Ligand code: ACO
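Numbering (the numbering used here), first residue to last: 26 to 354.
Structural data, given as structure tokens:
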């Protein structure tokens, strides 16, 4: 008997890129009223990368995309869709996705940005995989890229120590596989949420339609922390329940890298052992929309994540927005 096949989006390759300049906590403490001890104890962050001259969200995104295409063995010319998640685009318009398209030398494709701050990659992944499932695209680049260093208030020690710059990318391709998710690979399930009542807890105090300036990041850290742990546990349970999975089925949790305490609290709530959580926040700090694909690429390249592994990706960010996705790699 032949089994019905259904179309899914499969991760064919991953890539990432970081700015040239790495800044440790000790270096930061030379200009900001802080200490390595405070930052490590409260956040787990030890270093971050800061974009310099000539490095922008689009250039980092294009570098990450090139590496993802190379690891997938797919030519840039085959890409029909670029979805770039960012809250720090090169320009208000046009989209940084179109800049990436030009940098990659792709003559014609669909290209646009998605803005959901730190959850941006989950939102972008969901849009791209929906377009692949519907037949609107067959090969897609999904990128998370940020240069948060350019919207930080370096006088505000409560926020400027937390963030870094970088980019991560995946190549998605269409694949017809078994209908039963237990036997299939690719993106198996995604849940997204937003609650716009919390704008005042995490926002940028500028914008084209208000002040006419770019603005700086503002955050009420304690309240964000509280919402993050509750929302992430909720969406993780939802996405696992949809596939009748438990945390015991997960090979790797690839979380948004906001800070080590949120990661620990989320893993504990899920009953997941810390050695199944990919952690890069110590080296990259919070790179917003870049953090999930960046962590994914690090763990693929160092050999922890291998083909066939069941992954759960999750993120939460300003808005608030949050989401999770179950992927068989
Ligand atoms: N160095 C030294 N001292 C500092 C620093 C710093 N960099 N920043 C703040 N402090 C001081 C404060 O001034 C305060 O001093 P006081 O008691 O004399 O007034 C003290 O440290 C405690 O400040 P809090 O803001 O209450 O510190 P808290 O324990 O809440 O930790 C933190 C702050 C790390 C931001 C925490 O609230 C947090 O992790 N929140 C989550 C926010 C987050 O991750 N946001 C990322 C974006 S959203 C997302 O990605 C999920």
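Note that CB positions come from ideal geometry on N, CA and C, so glycine has one too. Quick caveat: nothing in here was measured; it's all calculated off a predicted structure.
Residue 98 sits exposed, since fewer than 16 C-beta atoms from the chains shown fall within 10 Å of its C-beta.
By the neighbour-count definition (other C-beta atoms within 10 Å, threshold 16), residue 45 is an exposed residue.
Burial of residue 92 is indicated by the presence of at least 16 other C-beta atoms within 10 angstroms of its C-beta. The C-alpha of residue 38 is placed about 20 Å away from the C-alpha of residue 137.
Between the segment 245-260 and the segment 339-346, the count of Cβ pairs shorter than 8 Å is three or higher; the stretches touch. Rounded to the nearest whole angstrom, the C-alpha separation of residue 268 and residue 139 is 27 Å. With a threshold of 6 Å, the Cβ atom of residue 256 does not count as near ligand 1, since no heavy atom of the ligand is closer than that. Counted as a single uninterrupted DSSP element, the beta strand (DSSP E) harbouring residue 36 occupies residues 30-42.
Relative to the non-hydrogen atoms of ligand 1, the Cβ of residue 247 comes within a distance shorter than 6 Å of at least one. For residue 123, the enclosing alpha helix (DSSP H) begins and ends at 121-129.
With a cutoff of 7 Å on beta-carbon distance, residue 168 and residue 86 are scored as near each other.
Just measuring C-alpha positions, the residue of 194, 141 and 313 sitting nearest residue 325 is 194. The alpha-carbon of residue 229 is positioned some 37 Å away from that of residue 103.
Setting aside the 5 residues that flank it on each side, residue 214 is surrounded in the same chain by 264, 267, 268 and 351, each with a C-beta closer than 6 Å to its C-beta; the list follows chain order.
Judged by DSSP secondary structure, residue 57 falls outside any beta strand (DSSP E); it is assigned neither H nor E. Taking 6 Å as the cut-off, one finds at least one heavy atom of ligand 1 near enough to the beta carbon of residue 341. When DSSP states are grouped into helix, strand and coil, residue 346 belongs to the strand group.
CA-to-CA, the gap between residue 35 and residue 144 works out to about 20 Å. The alpha carbon of residue 183 has as its nearest neighbour, out of 349, 68 and 191, the alpha carbon of 68. If the five residues before and after residue 299 are omitted, its C-beta is found closer than 6 Å to the C-beta atoms of 292, all from its own chain and listed in chain order.
For residue 159, the enclosing alpha helix (DSSP H) begins and ends at 145-159. In this structure, DSSP gives residue 269 a state outside helix and strand, which the three-state scheme calls coil. By the criterion of a C-beta distance shorter than 6 Å, residue 43 is surrounded in its chain by 74 and 191, once the five residues flanking it on both sides are discounted.
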